[in-house]
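Note sheet for the following structure.
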Amino acid sequence: MGASAALILHNGNLQTRANDTEFRFRPDSNFHYLTGLSEPGAVLVIRPDHPQPFTLFVAPLDPAAERWSGRRIGPQRAREDFGADASFPLGDLGKELPALLDGVKTLWMPYPHQDPLSTRIQAISRGLRGRNRYGAHPPVYYADANILLGEDRMYKDPGAMQSLRRAIALSAAGHVEAMTHCRPGMYEYEIEALVEYTFRRNGSTGPGYNSIVGGGNNATILHYIDNNAQLHAGELLLIDAGAEWDYFTGDITRTFPVSGSFTPAQRDAYEVVLAANRAGIELATTAHTIDDIHTCCLRILCEGMRELGLLNESVDEIIERELYKPFYMHRTNHWLGVDVHDAGYYCVDRTPRKLEPGFVLTVEPGLYIDAAYDDIPEGLRGLGIRIEDDVLVTRDGPEVLTTAAPKQVAELEALVGSAHR
Ligand SMILES: [Mn+2]
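In short: position in the sequence shown from 1, add 27, done, that's the working numbering.
Written as structure tokens, this is what we have:
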């Protein structure tokens, strides 16, 4: 953070869902990452060179209000249970914050200013500037806390990995539950319910992002979340869903036949994506970048597009002229952690950064063949295949965190629908 620096974060407020009801509270990712506290409205100030470096402002204890909206920790437990050196009720922000920020040279805060603190901080800065003749000093530099913490979150320490592994274990359990119970005639929302039931019944806070459950042609819509169509024998089902644990999230995609058996054409297409997935995972090492992984997966997918009869050009021409785009239109990786698309840099100095021990990334090649493409083999129309694993980069190579979710053809054919046999 630099010398004479402070960091200030707001945990966010309840958001209206409709009229006078609110969404369940989800704490700010950075706030929860640093404190473990998930109360709306709380404010965190860290000043490393202050005698009391860690200050929390929290809602005051109020039995009448808590009767309606839930228990609060209150200022005392903010110190006892959350390790704050100093704590105050939220109402004291106006009184305490100017003194806490007086003399700070660099103030780290989320930037651009979208959060509820920004007007207050502007006013405090103005006030400190006005009182400079009496010795007060406003912050000189305002720096983006999202960058500071996005980078910190890239390096998963043992505590982060413990939470992330649990999130991923529950994510895999949700996928296995879906596979086990899937059969023709069910609706996508029934599968969604089974997946999310599995998350919740194991104590997860729920999905870390909207679950994508798309059968047949719906799987060609990358962010399909309607999940309201019936599933038919002969279709593939794509599920992209992850459980949140301690506000870390898993991110797994699996694709399998609704009936439990791939057609030969579906299997050929599936094996292309699986080969890309496996090859991509192999490159999740400190010698490579995610651009290397994307390039490798793309080439395998393009070779497959030729073999499957989707395209006739040479692989080089397919890549050069981006002829693959109707069938593969997204990148292959993203960082994973507290946010499903975690917050660290992808490029540094305009260059894709090398992977480092402690990074967690997804590897998620896919193949999407819209039913409306009428100049391709019929058995391939109207399907979407994506196979997404979560991978930890270690000094010894990639560690696949998602092995509990089956992805081999034989495993899937044995498991899908087995609850009904
Ligand atoms: Mn993903």
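Backbone N, C-alpha and C define an ideal beta-carbon position, used for all residues, glycine too. Just so we're clear, the structure is a prediction, and the values are computed from it rather than from any experiment.
Roughly how many angstroms separate the alpha carbons of Leu64 and Gly29, rounded to a whole number?
-> 25 Å
DSSP bridge partner residues for Gln257 (one or two, in chain order) = Tyr214
Residue range of the beta strand (DSSP E) that includes Val418 | 416 to 421
Would you kindly work out how many angstroms separate the C-alpha atoms of Pro125 and Ile35, rounded to a whole number?
-> The alpha-carbon atoms of Pro125 and Ile35 are separated by roughly 12 Å.
Identify which residue in Ser198, Lys122, Ser145, Ile279 has its Cα closest to the Cα of Ala172.
-> Ser145
Tell me the DSSP bridge mates of Glu271?
-> Paired residues: Gly233, Thr276.
Stretch-stretch touch, CB-based, cutoff 8 Å, three pairs: the region 368 to 380 with the region 206 to 213 | no
Would you kindly work out how many angstroms separate the C-alpha atoms of Thr43 and Gly130, rounded to a whole number?
-> 37 Å
Could you name the residues of the same chain whose beta carbon sits closer than 6 Å to that of Ser198, not counting the 5 residues immediately before and after it, in chain order?
-> Gly269, Ala270, Gly277, Ile279
Start and end residues, beta strand (DSSP E) containing Ser114 = Segment 113 to 116, the beta strand (DSSP E) holding Ser114.
Under 9 Å between C-beta atoms of Glu219 and Ser238 = yes
Mind the definition here: the region 177 to 184 touches the region 395 to 406 only if three or more C-beta pairs lie below 8 Å; say whether that holds.
-> No contact exists between the region 177 to 184 and the region 395 to 406.
From the DSSP output, in three-state form, read off Met181 for me.
-> helix
Return the first residue and the last residue of the beta strand (DSSP E) that Arg44 is part of.
-> 43 to 45
Can you name, in chain order, every residue of its own chain whose Cβ lies under 6 Å from the Cβ of Phe50, other than the five neighbours on each side?
-> Gln42, Arg44
Run through DSSP, which three-state label would Val70 get?
-> strand
Taking 8 Å as the threshold, find out whether the region 291 to 311 comes into contact with the region 250 to 258 through three or more Cβ pairs.
-> Note that the region 291 to 311 does not touch the region 250 to 258; fewer than 3 beta-carbon pairs, one per stretch, sit closer than 8 Å.
Between the region 301 to 310 and the region 227 to 244, are three or more C-beta pairs nearer than 8 Å?
-> no
Determine the closest residue to Leu428 out of Glu215, Val390, Ala437, Asp397, with distance taken between C-alpha atoms.
-> Val390
Pro392 and Ala303 closer than 9 Å at C-beta | It is a contact, given that the beta carbons lie within the stated cut-off.
Note down the Cα distance separating Glu349 from Gly101, rounded to an integer number of angstroms.
-> 57 Å
Got a sec: is the Cβ-Cβ distance from Cys374 to anything in chain E below 9 Å?
-> In summary, chain E is missing from the structure at hand, where a single protein chain is found.
May I ask which residues mark the beginning and end of the alpha helix (DSSP H) holding Tyr297?
-> Looking at the DSSP string, the run of the alpha helix (DSSP H) that includes Tyr297 is 291 to 309.
Note down, in chain order, each residue of its chain lying with its Cβ closer than 7 Å to the Cβ of Cys329, except the 5 sequence neighbours on either side.
-> Val342, Ile345, Ile346, Tyr351
Residues near ligand 1, criterion Cβ-heavy atom distance below 7 Å | Output, sorted by chain position: Asp267, Asp278, Thr280, His361, Val367, Thr389, Glu391, Glu415.
Proximity to Pro90 [Cα-Cα], best of Arg99, Leu83, Thr82 = Arg99
Selected residue, minimal CA-CA separation from Asn38, among Asn46, Ser31, Thr62, Ala32 | Thr62
If you pair each beta-carbon of the region 316 to 327 with each one of the region 350 to 366, do three or more pairs fall below 8 Å?
-> yes
Backbone CA spacing between Gly241 and Ala69 [nearest angstrom] = 38 Å
Neighbourhood of Val167 by C-beta distance below 8 Å, restricted to the same chain and skipping five residues each side | Lys132, Thr133
Residue environment, Trp95, which counts as buried when at least 16 other CB atoms sit within 10 Å = exposed
Keeping to the same chain, check which residues put their C-beta closer than 6 Å to that of Gly411; ignore five residues upstream and five downstream.
-> Ala246, Thr247, Leu265, Tyr395
Contact belief for Ala205 with Leu191 at Cβ below 8 Å, rounded distance in angstroms = Between Leu191 and Ala205 the Cβ distance is about 21 Å, and since that is not below 8 Å, they are no contact.
Compare the C-alpha of Phe84 against each of Ala92, Pro353, Phe58 and name the closest.
-> Measuring C-alpha to C-alpha distances from Phe84 to each of Ala92, Pro353, Phe58 identifies Phe58 as the nearest.
Return helix, strand or coil for Leu338, following the three-state DSSP convention.
-> coil
Nearest candidate by alpha-carbon position, reference Ala33, set Met136, Gly201, Glu107 | Nearest option by C-alpha distance: Met136.
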